[in-house]
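A.B. asks: Input: one structure, supplied below.
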Amino acid sequence: NAGVTQTPKFQVLKTGQSMTLQCAQDMNHNSMYWYRQDPGMGLRLIYYSASEGTTDKGEVPNGYNVSRLNKREFSLRLESAAPSQTSVYFCASSEGVSVYSNQPQHFGDGTRLSIL
Amino acid sequence: AQKITQTQPGMFVQEKEAVTLDCTYDTSDQSYGLFWYKQPSSGEMIFLIYQGSYDEQNATEGRYSLNFQKARKSANLVISASQLGDSAMYFCATNTQISSGSARQLTFGSGTQLTVLP
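Taken in order, these protein sequences are the chains called A and B.
Per the numbering used here, the first sequence starts with residue 43, numbered consecutively.
Per the numbering used here, the second sequence starts with residue 196, numbered consecutively.
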């Protein structure tokens, strides 16, 4: 059972470079999420996708863009990386017909991103 | 706005003993969910247990149980018969709407680092 798969697991970028973090889930979940986790803090929501074809901003969306490519895949793009975006990024998905439910979210293993 | 408070930055427990990790929350929502996640040193986030605000019985999942006291707005995690593999960071979270009619997001506490001693 793969669950939620994130690639890459590690990445080092220089300030100003761009990159895309990939996420795919095989649980047929409708809703997908991107979070960042900084030292000493819980996760903070960047963007989410309630269903295929829709995306919305979370708590900390500045500097990021997302694409819900299909039901399985949800990518996160940093257009011009900044040191403040050094973090661990988690993708998650949840079951149920919509994000209005109280279903738990299932997480990928995370991407450790460093911006120099 | 949602707020989750975990007042214990670190906890120690002897192997095979029970431990309670505290969590209080602040919400004006009538319907909400409470979640506990485990994050071992390897970094992945592992879902442990869920309690719905309208559930009358406390949730249980194997050695994990959730002591839910709605009036006190607390949702403490109880781990029975601790094992060395339980050493990890534990996060409490609640599922709240970002704005009226929007999706629910998880709001996390700052976590409790649990160390199980042999």
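No residue lacks a Cβ here, since even glycine has one placed at the ideal position from N, Cα and C.
Predicted, not measured: the structure shown is a model, and the values here were computed from it.
Is it right to say Arg78 of chain A is buried, meaning 16 or more other beta carbons lie within 10 angstroms of its own, or is it exposed?
C.D. replies: Position 36 of the first sequence, counting from 1, holds the residue named residue 78 of chain A. Classification for Arg78 of chain A: buried.
A.B. asks: Does chain B have any CB closer than 9 Å to the CB of Met83 of chain A?
C.D. replies: Locating residue 83 of chain A in the first sequence gives position 41, where the first residue counts as 1. With 9 Å as the cut-off, Met83 of chain A counts as an interface residue toward chain B.
A.B. asks: Would you mind sorting Met240 of chain B into buried or exposed? The rule is 16 or more other CB atoms within 10 Å of its CB.
C.D. replies: Along the second sequence, one-based indexing puts residue 240 of chain B at 45. Met240 of chain B comes out buried.
A.B. asks: Report the neighbours of Pro159 of chain A on chain B: residues whose CB is nearer than 7 Å to its CB, in chain order.
C.D. replies: The structure shown has nothing for residue 159 of chain A, since chain A only spans 43 to 158.
A.B. asks: Taking the beta carbon of Arg299 of chain B as the centre, do at least 16 other beta carbons fall within 10 Å, making it buried, or is it exposed?
C.D. replies: Position 104 of the second sequence, counted from the first residue, corresponds to residue 299 of chain B. Classification of Arg299 of chain B: buried, given that the 10 Å Cβ count is 16 or more.
A.B. asks: Can you check which of these residues, B:Ala266, B:Arg258, B:Arg267 and B:Pro235, is closest to Phe286 of chain B by C-alpha distance?
C.D. replies: On the second sequence, position 91 is the one that residue 286 of chain B refers to. Minimum Cα distance to Phe286 of chain B is reached at B:Pro235.
A.B. asks: May I ask which residues mark the beginning and end of the beta strand (DSSP E) holding Met206 of chain B?
C.D. replies: Indexing the second sequence from 1 puts residue 206 of chain B at position 11. Note, Met206 of chain B: beta strand (DSSP E), Gly205 to Gln209.
A.B. asks: So, using beta-carbon positions, are Leu243 of chain B and Ser282 of chain B closer together than 9 Å?
C.D. replies: Stepping through the second sequence from its first residue, residue 243 of chain B is reached at position 48. Stepping through the second sequence from its first residue, residue 282 of chain B is reached at position 87. Cβ distance not < 9 Å, so Leu243 of chain B and Ser282 of chain B don't count as in contact.
A.B. asks: For Asp68 of chain A, name the three-state secondary structure that DSSP assigns.
C.D. replies: Start at 1 with the first residue of the first sequence, and residue 68 of chain A comes out as number 26. Coil, per DSSP.
A.B. asks: Please say whether Gly247 of chain B and Leu229 of chain B have beta carbons closer to each other than 9 Å?
C.D. replies: As a working mapping, residue 229 of chain B is identified with position 34 in the second sequence. As a working mapping, residue 247 of chain B is identified with position 52 in the second sequence. Cβ atoms of Leu229 of chain B and Gly247 of chain B: closer than 9 Å.
A.B. asks: In chain order, what are the residue ranges of uninterrupted beta strand (DSSP E) at least 3 long that sit wholly in the region 68 to 137 of chain A?
C.D. replies: DSSP runs (the beta strand (DSSP E)) wholly in the region 68 to 137 of chain A: 73 to 79, 85 to 91, 106 to 110, 116 to 120 and 129 to 136.
A.B. asks: Verify the contact flag: Gln264 of chain B, CB atom, against every heavy atom of the ligand HEM, threshold strictly below 8 Å.
C.D. replies: Only the bare structure without any ligand can be found here, which leaves the ligand HEM out of the picture.
A.B. asks: Can a CB atom of chain B be found closer than 9 Å to the CB of Ala66 of chain A?
C.D. replies: The residue you call residue 66 of chain A lines up with position 24 of the first sequence. Closer than 9 Å: no.
A.B. asks: Anything in chain B within Cβ reach of Asp151 of chain A, meaning under 7 Å, just list it in chain order.
C.D. replies: Along the first sequence, read from residue 1 onward, the residue named residue 151 of chain A stands at position 109. Within chain B, the residues near Asp151 of chain A are Gly238 and Glu239.
A.B. asks: Between the C-alpha atoms of Thr215 of chain B and Gly84 of chain A, what's the straight-line distance to the nearest angstrom?
C.D. replies: As a position in the second sequence, residue 215 of chain B is number 20, starting the count at 1. As a position in the first sequence, residue 84 of chain A is number 42, starting the count at 1. Taking the straight line from one Cα to the other gives about 19 Å.
A.B. asks: Look at Asn70 of chain A and Lys99 of chain A and say whether their C-beta atoms are less than 9 Å apart.
C.D. replies: Against the first sequence, residue 70 of chain A aligns to sequence position 28. Against the first sequence, residue 99 of chain A aligns to sequence position 57. Contact flag unset, no.
A.B. asks: Three or more C-beta pairs closer than 8 Å, one from the region 49 to 69 of chain A and one from the region 145 to 158 of chain A: is that the case here?
C.D. replies: The region 49 to 69 of chain A is in contact with the region 145 to 158 of chain A.
A.B. asks: Run the CB neighbour count on Ser122 of chain A, radius 10 Å, all protein chains shown included, and call it buried at 16 or more, exposed below.
C.D. replies: Within the first sequence, the letter at position 80 stands for residue 122 of chain A. With fewer than 16 Cβ atoms within 10 Å of its Cβ, Ser122 of chain A is classed as exposed.
A.B. asks: Please tell me whether Tyr220 of chain B and Lys268 of chain B are closer than 9 Å, where the distance is taken between their beta carbons.
C.D. replies: Here residue 220 of chain B refers to the residue found at position 25 of the second sequence. Here residue 268 of chain B refers to the residue found at position 73 of the second sequence. Going by C-beta atoms, Tyr220 of chain B is nearer than 9 Å to Lys268 of chain B.
A.B. asks: Any idea what DSSP makes of Leu63 of chain A, helix, strand or coil?
C.D. replies: Here residue 63 of chain A corresponds to residue number 21 of the first sequence, with the count starting at 1. DSSP places Leu63 of chain A in strand when its eight states are reduced to three.
A.B. asks: Distance, Cα to Cα, Asn262 of chain B vs Phe116 of chain A?
C.D. replies: For the purposes of this step, residue 262 of chain B is identified with residue 67 of the second sequence, where counting begins at 1. For the purposes of this step, residue 116 of chain A is identified with residue 74 of the first sequence, where counting begins at 1. Computed Cα separation, rounded: 35 Å.
A.B. asks: Confirm, please, whether the CB-CB distance from Ser277 of chain B to Gln209 of chain B is below 9 Å.
C.D. replies: Numbered from 1 along the second sequence, position 14 holds the residue referred to as residue 209 of chain B. Numbered from 1 along the second sequence, position 82 holds the residue referred to as residue 277 of chain B. Cβ atoms of Gln209 of chain B and Ser277 of chain B: closer than 9 Å.
A.B. asks: Are any of the Cβ atoms in chain B nearer than 9 Å to that of Phe116 of chain A?
C.D. replies: Translated into the one-based positions of the first sequence, residue 116 of chain A becomes position 74. It does not: the Cβ of Phe116 of chain A has no partner Cβ on chain B nearer than 9 Å.
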